[in-house]
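Peer 1: Can you keep this structure in mind? I'll have questions shortly.
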Amino acid sequence: MTAASSTQTEVPLKRRLRRAERTRQLKALALVLPLLVFLLFTFAGPIAGMLWRAIDDREVRQVLPQTIAALADWDGKDLPDEKAYAALASDIQAARTSGTLAIAAKRLNYALNGFRTILTGTSRNLKAMPEAGTAKETLVKINAAWRERSTWTTIKDAGGPVTGFYLLAALDLTRNADSAIVAAPPDQAIYREVFTRTFLISLSVTALCLILGFPVAYLLATLPPARSNLLMIFVLLPFWTSLLVRTCAWIVLLQSKGVVNDSLHWLGIIDEPLRLIYNRFGVCVAMTHVLLPFMILPLYSSMKAISPAYMRAAASLGAPPVTAFLRIYLPQTLPGIGAGSLLVFILALGYYITPALVGGAADQMISYFIALYTTETANWGLASALGAVLLLATILLALVYGKLVQGQQVTGGMKN
Amino acid sequence: MEAGMVTPAPALVRFSGIQKTYDGEHLVVKNLDLDIRKGEFITLLGPSGSGKTTSLMMLAGFEVPTHGEIYLGDRPIKNMPPHKRDIGMVFQNYALFPHLTIAENIAFPLSVRNTSKAEAQERVNAALRMIKMEAMAHRRPGQLSGGQQQRVALARALVFNPQLVLMDEPLGALDKRLREQMQLEIKQLHERMGITIVYVTHDQSEALTMSDRIAVFNDGIVQQIDRPDALYEHPANSFVAHFIGENNVLAGTVEAVDKDYCRVALAGGGTVTARAVNISGAGASTSLSVRPERIAIVPDGSSGDGANRLPARVQNTIYLGDHALAVLDVAGNGEFMVKLQPGAHDSLGHGENVFITFRPEDCLALDPV
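Respectively, the protein sequence lines represent chains G and P. Sequence positions in the first sequence follow the working numbering and run 1 to 416. Sequence positions in the second sequence follow the working numbering and run 1001 to 1369.
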């Protein structure tokens, strides 16, 4: 009787539940909406724009539209026909008038060193539009490069509207005259090394933070509240000082006439000042100092949730302290270790100011080059491509981490 | 009193002159001498702050005595780390390792002792059978109910056959019905396996249900150690009389002592004969203790058989199902309880003047409260 009536009312009940839930969800949405809109404009938008710039390639197409159109069905095996030469001559004439030739020259110069000279020289010597049928002859006379197939493939490749050119360059790859992907020439192939260096420095800093932070977090989690609060203030103290000030403090400490070297010299431990800064050591020390709280706080929160009763239980069951720590305590801190390491590693990947100030030329991380191309050389395409590669690598890491923790969900509290 | 009991087994644990202080000013345990016999179920009973849990923690090795020595077998263990003591322990909140399955939790004490895989597997299976949870071997503690977690904690503390098992208020977090069921299960386990159990609780009915002997703690001192029935029938002092079971207190002064009995003049008027248990002599003030079920209500004050008789006024009656209580005003005590048979509570009117009667041997003259 009751069973029958409950199945009868089940459907309307579910619908009523959903309706009740919907109001609640709408309220929740209304609460996060302002932040969502803010993030859309300040975070998601710019990132999408940056990712787009990594493949956007419309500069040459805008300046040399007829040439790109003429090259559209060129197979690239021999030199293009007379029609393409005439289109180029016409485009150059038009660009000179509108003063946009430099935009195309800059983009083509990225792909083929010296292209700027070819284009500006041609423009300068091309007084008037050549007679019909003589465009090829005229251009080749002005600059022999117009007889090279690679000159024309460069223009065709840069024709857009989208390109893999910047992304390939970010991975030390390029396309040869036959459009095959090959390794970039050694003088341009630096990014793989920079990426490797960025990951190595980040890994070292993460490992250092873990080694230094774990005992502190343990102390924080086990001390009586009054003393652990005081210690927590010391842990958080770096957050209250500007990053720049802290980094400069390290310069003062570590330079060859700095506090550390002077003290060691005074103690008679060293005769010559040690080289502590403007190298990898200085970068790792300064970055570890800055990032340490990001490791300690997640560790602390995971350790705080571990009741001391677990260690007592392990001891009463016959486990010596080291065994109890390795088999009972450590596994329960794994979520904290994972969260802290991921946080520090990802933050370290994007570090820019600290390596720039306390590192040498061989210690610059990928962000330095991104900044360089954004502000100095205005090669936004390459800057965006480097950023996109970094973003992709970071997302991959975060996904791997997510998979790893999903496998071993650990509950922090004793009862649940 | 000891009839029917064989010679007591030798002491497995001996607390000798144990003192413990945390702050260097107050002794939490004042002077503990306690023998725990092999195979017995002993309960440390007392209100919170009485030193019972501290005593248990010193036995487990998590606290170090400030003074005195603890012997396990013949070996002093004051400075032995907990993991070498071979003592199983069940904690208040179970302390099951949340990252391990039920089977892994139970196997933990075996694996740290390097028991062979096959033997460990066999003993874990036997333990799971014992607590009837074979089907849940691969669940995590978080997926179990409180009662199930308690059973696993029990199995984990027993699986390595420790010479002693300590239990620190293990049933405190369970509801009443489950708690009573677990009390019986633990009692049965104790009888079947012949292990020695030291049990800490503040619940006197739990202690009475399960224990062979109970040590009543108060204020850092063991007030009395005895069998449950002896504690109830022959409390050594007012604290024990009051802490174990229901109790009526009447204040008075000792007039005369005659061997085992004494005459006591009540502060609220009247004189009764009581058993002299814990008084210093004639002229001393005393607290009389009478159990509610040892008192009868009679309509008139005519005395006959030497029993004590006191006038009383009915304040209230309380119906409790299997019995009823009459709340009386007797000699200035307005909360004097008398147990009534079912049905008897209807016959008493509020404000009615009656008489109560109780035998001198059921009235104990104890130290003044």
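Built from N, CA and C at the ideal position, the CB exists for glycine as well.
Quick one: what does DSSP say S263 (chain G) is sitting in, helix, strand or coil?
Peer 2: For the purposes of this step, residue 263 (chain G) is identified with residue 263 of the first sequence, where counting begins at 1. Correct three-state label for S263 (chain G): helix.
Peer 1: Got a sec, what are the start and stop residues for the alpha helix (DSSP H) H1323 (chain P) sits in?
Peer 2: Looking up residue 1323 (chain P) in the second sequence gives position 323. Taken as a continuous stretch (DSSP letters only), H1323 (chain P) belongs to no alpha helix (DSSP H), as it is neither H nor E.
Peer 1: Distance cutoff 7 Å, beta carbons only. Does V1272 (chain P) sit that close to anything in chain G?
Peer 2: Here residue 1272 (chain P) refers to the residue found at position 272 of the second sequence. No - not a single Cβ of chain G is within 7 Å of the one on V1272 (chain P).
Peer 1: Between R1113 (chain P) and chain G, is the shortest Cβ-Cβ distance under 7 Å, so that the two count as touching?
Peer 2: Along the second sequence, one-based indexing puts residue 1113 (chain P) at 113. Yes, contact with chain G.
Peer 1: Which one of P:E1104, P:V1029 and P:I1087 has the shortest CA to CA distance from G1068 (chain P)?
Peer 2: Counted from its first residue, the second sequence places residue 1068 (chain P) at position 68. Minimum Cα distance to G1068 (chain P) is reached at P:V1029.
Peer 1: Verify the CB distance criterion: does A221 (chain G) have a CB-CB separation below 7 Å to chain P?
Peer 2: Taking the first residue of the first sequence as position 1, residue 221 (chain G) is located at position 221. Not closer than 7 Å to any Cβ of chain P, the Cβ of A221 (chain G) fails to qualify, so no.
Peer 1: Run through chain G and tell me which residues come within less than 8 Å of R1129 (chain P), C-beta to C-beta.
Peer 2: Residue numbering aside, residue 1129 (chain P) sits at position 129 when the second sequence is read from its first letter. By Cβ distance, chain G contributes nothing, its closest Cβ being about 20 Å from R1129 (chain P), past 8 Å.
Peer 1: If we call anything under 7 Å between Cβ atoms a contact, is G282 (chain G) one with L243 (chain G)?
Peer 2: Position 282 of the first sequence, counting from 1, holds the residue named residue 282 (chain G). Position 243 of the first sequence, counting from 1, holds the residue named residue 243 (chain G). No, they are not a contact pair.
Peer 1: Distance check for L208 (chain G) and A221 (chain G), CA to CA, integer angstroms please.
Peer 2: What you label residue 221 (chain G) is simply residue 221 of the first sequence in a count that begins at 1. What you label residue 208 (chain G) is simply residue 208 of the first sequence in a count that begins at 1. Their Cα atoms are separated by approximately 20 Å.
Peer 1: Can you list, in chain order, the stretches of the alpha helix (DSSP H) that have 4 or more residues and sit fully within the region 308 to 343 of chain G?
Peer 2: The region 308 to 343 of chain G contains these whole alpha helix (DSSP H) runs: 308 to 316 and 321 to 324.
Peer 1: Based on the DSSP output, what are the partners of N1218 (chain P) in its beta bridges?
Peer 2: Working through the second sequence from its first residue, we reach residue 1218 (chain P) at position 218. Paired residues: P:I1221.
Peer 1: Roughly how many angstroms separate the alpha carbons of N1353 (chain P) and N1316 (chain P), rounded to a whole number?
Peer 2: Taking the second sequence and counting its residues from 1, the one referred to as residue 1353 (chain P) is at position 353. Taking the second sequence and counting its residues from 1, the one referred to as residue 1316 (chain P) is at position 316. Going from the Cα of N1353 (chain P) to the Cα of N1316 (chain P) covers about 12 Å.
Peer 1: Strictly under 7 Å for the Cβ-Cβ distance: is A305 (chain G) near chain P by that measure?
Peer 2: Walking along the first sequence from the start, residue 305 (chain G) turns up at place 305. With 7 Å as the cut-off, A305 (chain G) does not count as an interface residue toward chain P.
Peer 1: Going by the C-beta, is T100 (chain G) closer than 6 Å to any heavy atom of the ligand SAH?
Peer 2: As presented, the structure is devoid of all ligands, the ligand SAH included, so that no description of it is given.
Peer 1: Should T154 (chain G) be flagged as near chain P, meaning a C-beta pair shorter than 7 Å?
Peer 2: For the purposes of this step, residue 154 (chain G) is taken as residue 154 along the first sequence, with counting starting at 1. Judged by the 7 Å Cβ criterion, T154 (chain G) is not in contact with chain P.
Peer 1: Could you tell me which residues DSSP puts in a beta bridge with N1353 (chain P)?
Peer 2: Counting from 1 along the second sequence, the entry for residue 1353 (chain P) is found at position 353. Per DSSP, P:R1313.
Peer 1: Pick helix, strand or coil for T198 (chain G), following the three-state DSSP scheme.
Peer 2: Your numbering for residue 198 (chain G) matches position 198 in the first sequence. T198 (chain G) falls in the helix class under three-state DSSP.
Peer 1: Report yes if the CB atom of L997 (chain P) is closer than 7 Å to the CB atom of V1198 (chain P), and no otherwise.
Peer 2: An answer regarding residue 997 (chain P) cannot be provided, because it is not within the stretch 1001 to 1369 covered by chain P.
Peer 1: Comparing C-alpha positions only, which one of P:M1193, P:Y1094, P:R1213 and P:T1066 sits nearest to D1035 (chain P)?
Peer 2: By 1-based counting over the second sequence, the position of residue 1035 (chain P) is 35. The residue with the shortest Cα to Cα distance from D1035 (chain P) is P:R1213.
Peer 1: What does P320 (chain G) reach in chain P if we use C-beta pairs closer than 9 Å?
Peer 2: Within the first sequence, residue 320 (chain G) is the residue found at index 320, counting from 1. Correct list: P1081, H1083, K1084 and V1112.
Peer 1: Where I47 (chain G) and D178 (chain G) are concerned, what is the direct C-alpha to C-alpha distance, given to the nearest angstrom?
Peer 2: If you number the first sequence from 1, residue 47 (chain G) lands on position 47. If you number the first sequence from 1, residue 178 (chain G) lands on position 178. Their Cα atoms are separated by approximately 33 Å.
Peer 1: Taking Cβ-Cβ distances shorter than 9 Å, what residues in chain A pair up with T323 (chain G)?
Peer 2: Although the question refers to chain A, the structure presented lacks it and instead comprises the protein chains G and P.
Peer 1: Only counting the same chain, and skipping five residues up and downstream in sequence, which positions put a Cβ closer than 8 Å to that of V11 (chain G)?
Peer 2: Locating residue 11 (chain G) in the first sequence gives position 11, counting from the first residue. If we look at V11 (chain G) and ignore the five residues flanking it on each side, it has no Cβ neighbours.
Peer 1: For the region 1278 to 1297 of chain P against the region 1248 to 1260 of chain P, are there 3 or more C-beta pairs whose distance is under 8 Å?
Peer 2: The region 1278 to 1297 of chain P is in contact with the region 1248 to 1260 of chain P.
Peer 1: Assign A286 (chain G) to one of two classes, buried (16 or more other C-beta atoms within 10 Å of its C-beta) or exposed (fewer than that).
Peer 2: Stepping through the first sequence from its first residue, residue 286 (chain G) is reached at position 286. Flag for A286 (chain G) reads buried.
Peer 1: Along the chain, where does the beta strand (DSSP E) containing E1069 (chain P) start, and where does it finish?
Peer 2: Counting from one through the second sequence, the residue named residue 1069 (chain P) turns up at place 69. Here the beta strand (DSSP E) through E1069 (chain P) covers H1067 to L1072.
Peer 1: I want to see whether chain G comes within less than 7 Å of F1336 (chain P), judged by CB atoms only; does it?
Peer 2: Numbered from its first residue, the second sequence carries residue 1336 (chain P) at position 336. Taking Cβ atoms only, chain G never reaches closer than 7 Å to F1336 (chain P), which makes this a no.
Peer 1: Could you check what DSSP says for Q1181 (chain P) in three-state terms: helix, strand or coil?
Peer 2: Taking the first residue of the second sequence as 1, we reach residue 1181 (chain P) at position 181. Residue state, collapsed to three classes: helix.
Peer 1: Spell out whether any CB of chain P is found under 7 Å from the CB atom of S316 (chain G).
Peer 2: Translated into positions along the first sequence, residue 316 (chain G) becomes position 316. Chain P, which has a Cβ nearer than 7 Å to the Cβ of S316 (chain G), makes this yes.
Peer 1: With DSSP run on the structure shown, which of helix, strand or coil describes F1336 (chain P)?
Peer 2: Taking the second sequence and counting its residues from 1, the one referred to as residue 1336 (chain P) is at position 336. In this structure, F1336 (chain P) counts as strand in the three-state DSSP scheme.
Peer 1: N416 (chain G) by DSSP, collapsed to three states: which one?
Peer 2: Counted from its first residue, the first sequence places residue 416 (chain G) at position 416. Bear in mind that a pLDDT of 32 at N416 (chain G), under 50, signals an unreliable position, so the model cannot answer this.
Peer 1: Would you tell me roughly how many angstroms separate the C-alpha atoms of A1153 (chain P) and M1089 (chain P), rounded to the nearest one?
Peer 2: Counting from 1 along the second sequence, the entry for residue 1153 (chain P) is found at position 153. Counting from 1 along the second sequence, the entry for residue 1089 (chain P) is found at position 89. Those two C-alpha atoms are separated by around 8 Å.
Peer 1: If we define contact as Cβ-Cβ less than 7 Å, is N1353 (chain P) a contact residue for chain G?
Peer 2: The residue you call residue 1353 (chain P) lines up with position 353 of the second sequence. So, not an interface residue.
Peer 1: Who are the Cβ neighbours of V205 (chain G) in its own chain at under 7 Å, not counting the five residues just before and after it?
Peer 2: Reading the first sequence from its first residue, position 205 is the one you call residue 205 (chain G). Correct list, in chain order: C284, M287, T288, L291, V344 and A348.
Peer 1: For the pair the region 1175 to 1191 of chain P and the region 1010 to 1021 of chain P, tell me if three or more CB-CB distances fall below 8 Å.
Peer 2: Contact fails: fewer than three Cβ-Cβ distances are below 8 Å.
Peer 1: Check the DSSP bridge columns for V1165 (chain P) and list the partner residues they point to.
Peer 2: On the second sequence, position 165 is the one that residue 1165 (chain P) refers to. Partner(s): P:G1088 and P:I1197.
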